[in-house]
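One structure below.
2 protein chains.
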Amino acid sequence: MIKIFVVDDHPMVIEGLQTMLLRLPDSEVVGYAMTAASCLGYFMHHTADIILLDINLPDQNGIELCGTLRKKYPDTKIIALTNFDQLSYIQGMRDAGAQGYLLKNSSFEEIDTAINAVINGGSYWLGHEDIRESIQEHNQPLLTRREIEVLKLVAEGLTNIEIAEKLFISVTTVDSHRKNLISKLQVKNTAALVRVAIENKMI
Amino acid sequence: MIKIFVVDDHPMVIEGLQTMLLRLPDSEVVGYAMTAASCLGYFMHHTADIILLDINLPDQNGIELCGTLRKKYPDTKIIALTNFDQLSYIQGMRDAGAQGYLLKNSSFEEIDTAINAVINGGSYWLGHEDIRESIQEHNQPLLTRREIEVLKLVAEGLTNIEIAEKLFISVTTVDSHRKNLISKLQVKNTAALVRVAIENKMI
DNA sequence: GGATACATCCCCAAAAAAGGGGATTTTTAC
DNA sequence: GTAAAAATCCCCTTTTTTGGGGATGTATCC
Numbered sequence: 001m002i003k004i005f006v007v008d009d010h011p012m013v014i015e016g017l018q019t020m021l022l023r024l025p026d027s028e029v030v031g032y033a034m035t036a037a038s039c040l041g042y043f044m045h046h047t048a049d050i051i052l053l054d055i056n057l058p059d060q061n062g063i064e065l066c067g068t069l070r071k072k073y074p075d076t077k078i079i080a081l082t083n084f085d086q087l088s089y090i091q092g093m094r095d096a097g098a099q100g101y102l103l104k105n106s107s108f109e110e111i112d113t114a115i116n117a118v119i120n121g122g123s124y125w126l127g128h129e130d131i132r133e134s135i136q137e138h139n140q141p142l143l144t145r146r147e148i149e150v151l152k153l154v155a156e157g158l159t160n161i162e163i164a165e166k167l168f169i170s171v172t173t174v175d176s177h178r179k180n181l182i183s184k185l186q187v188k189n190t191a192a193l194v195r196v197a198i199e200n201k202m203i
Numbered sequence: 204m205i206k207i208f209v210v211d212d213h214p215m216v217i218e219g220l221q222t223m224l225l226r227l228p229d230s231e232v233v234g235y236a237m238t239a240a241s242c243l244g245y246f247m248h249h250t251a252d253i254i255l256l257d258i259n260l261p262d263q264n265g266i267e268l269c270g271t272l273r274k275k276y277p278d279t280k281i282i283a284l285t286n287f288d289q290l291s292y293i294q295g296m297r298d299a300g301a302q303g304y305l306l307k308n309s310s311f312e313e314i315d316t317a318i319n320a321v322i323n324g325g326s327y328w329l330g331h332e333d334i335r336e337s338i339q340e341h342n343q344p345l346l347t348r349r350e351i352e353v354l355k356l357v358a359e360g361l362t363n364i365e366i367a368e369k370l371f372i373s374v375t376t377v378d379s380h381r382k383n384l385i386s387k388l389q390v391k392n393t394a395a396l397v398r399v400a401i402e403n404k405m406i
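Here the protein sequences come in this chain order: A and B. Quick note: the first sequence, position 19, residue 19 per the numbering used here, numbers continuous. If you want the numbering used here, it's the position in the second sequence, counting the first as 1, plus 203.
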């Protein structure tokens, strides 16, 4: 019996997955969590074979949670669950140790395929060929933690000076980060930076 | 018995809603569609009391479909179903004749409340107070044609000088537009301007 | 006809960002 | 333990934005 745990903050998705997974002969949903905290709470006393993990959680980033879970419970496989357009996070999930990635609009068959692939030691990265390609080729100019932090504050309208005060670092450092961001995302100013960042769901 | 029809291209959401709605004593899901076309096909020969309608459909915009359905079948109420961040579409849905609006991460209770409100001739616009306010009061800080034109170019990363050249107007004029944009959207610089503009789907 | 909104233009000064360097210390990864 | 990556800091100059004014012609709406 494959024990599956679902982490998602959408009641509909939890219900939907539970119903769909009932049709799989050798699997059962042993529980679910709507926050990262309650997920970690569950695994302190229970276990599971596969976690279906949403990236957007209210209290913590799904990627971080994935990293934490994989470190603590290396035997539990993780399949990321996201919406269609969040390309940029996929690589993060892969780097965080996930074995698979499913789109939220996946069919029952796809979910079945993914679970079977992962439980047998394999991996499952997307159904859509084109997306898979665009991840492997494109390989995303991945931003660092600090850069993303600065980027978010920039998009909120803070100036370098304000950001420096907020993060307790020098203005020149913030300026460096901003320059690196502009360079990495190949834009020419802050306005375009914010647009590209939002379009690629980096913030 | 309240007859409910679900339109969404996510199998999980369909399953989830079906399961959740089973708990409502006086209602039943009479069918579902994953495309606008199949939805219209259904209503050629069947009927329903309420349609739970996703905005993102593969073949047509949910807002357009809402307008079409309301015109053809005025007795069928429509509750829009969307993700959290698509604020700008809500007004479109309201104008298209929808009676309610639900977030996809709504709880069972919220869905129940919304359906009851609508079936009794009322309406249900969001659970989140702050969002409801921002729609009713705010009611669009409407930008002029020219301002939107400038805004788009700003978001592309063009400087005032470049925009002026592109539109064959003076730099000071572009500057005025930019100032008005910042003032109208109540932000303090271009970075925040671009973010807010994208969030509200103005560009 | 008069009010109103829109688009256009101008001045000035201060603040911030952009563009070009380079350098050091911490973390992280193997 | 070492190499690479990330985060930190500094210099300089030029360009651009921001913030405060104000003004004029032209549609548009009632």
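Backbone N, C-alpha and C define an ideal beta-carbon position, used for all residues, glycine too.
DSSP bridge partner residues for residue i (one or two, in chain order)
| i | result |
| --- | --- |
| Asp257/B | Leu284/B |
| Leu103/A | Thr82/A |
| Asn61/A | Asn56/A |
| Tyr327/B | Gly303/B |
Neighbour-count burial assignment, residue i, 16 or more Cβ in a 10 Å radius
| i | result |
| --- | --- |
| Gly244/B | exposed |
| Pro141/A | Its pLDDT being 47, under 50, Pro141/A is placed unreliably in this model, and the coordinates cannot settle the point. |
| Lys275/B | exposed |
| Phe168/A | exposed |
| Glu199/A | exposed |
| Gly92/A | buried |
| His45/A | exposed |
| Gly122/A | exposed |
| Leu181/A | buried |
| Glu133/A | Since pLDDT at Glu133/A reaches only 49, below the 50 mark, its modelled position is unreliable, and the value read off the structure follows with that caveat. Label assigned to Glu133/A: exposed. |
| Lys179/A | exposed |
is_contact[residue i, chain B] using C-beta, thresh 8 Å
| i | result |
| --- | --- |
| Asn189/A | yes |
| Glu156/A | yes |
| Gly16/A | yes |
| Pro11/A | yes |
| Phe108/A | yes |
| Asn61/A | no |
| Asn160/A | no |
| Lys166/A | no |
is_contact[residue i, chain A] using C-beta, thresh 8 Å
| i | result |
| --- | --- |
| Leu384/B | no |
| Ile205/B | no |
| His380/B | no |
| Lys280/B | no |
| Ala283/B | no |
| Ile366/B | no |
| Val321/B | no |
| Thr316/B | no |
| Thr222/B | yes |
| Ile401/B | yes |
| Arg398/B | yes |
Where the beta strand (DSSP E) containing residue i begins and where it ends
| i | result |
| --- | --- |
| Ile385/B | Unbroken run through Ile385/B is the alpha helix (DSSP H), Val374 to Lys387; no beta strand (DSSP E). |
| Ile205/B | Ile205 to Val210 |
| Val233/B | Ser230 to Ala236 |
Cβ-Cβ distance between residue i and residue j below 8 Å
| i | j | result |
| --- | --- | --- |
| Ile63/A | Leu69/A | no |
| Cys269/B | Ala317/B | no |
| Ile203/A | Leu158/A | no |
| Leu81/A | Leu102/A | yes |
| Ile253/B | Ile322/B | yes |
| Gln221/B | Val233/B | no |
| Cys39/A | Val7/A | yes |
| Ile55/A | Ser27/A | no |
| Gly16/A | Glu218/B | yes |
| Leu256/B | Asp315/B | no |
| Leu356/B | Lys387/B | no |
| Ala191/A | Val377/B | no |
| Asp212/B | Ala240/B | no |
Continuous alpha helix (DSSP H) stretch holding residue i: start and end
| i | result |
| --- | --- |
| Tyr245/B | Ala239 to His248 |
| Lys152/A | Arg145 to Ala155 |
| Lys201/A | Where Lys201/A is concerned, there is no enclosing alpha helix (DSSP H), given that its DSSP letter is neither H nor E. |
| Asp278/B | It is not in any alpha helix (DSSP H) - Asp278/B carries neither H nor E in the DSSP assignment. |
| Phe108/A | Phe108 to Ile119 |
| Lys188/A | Run containing Lys188/A: none; DSSP gives neither H nor E here. |
| Ala164/A | Asn160 to Leu167 |
| Leu224/B | Pro214 to Leu225 |
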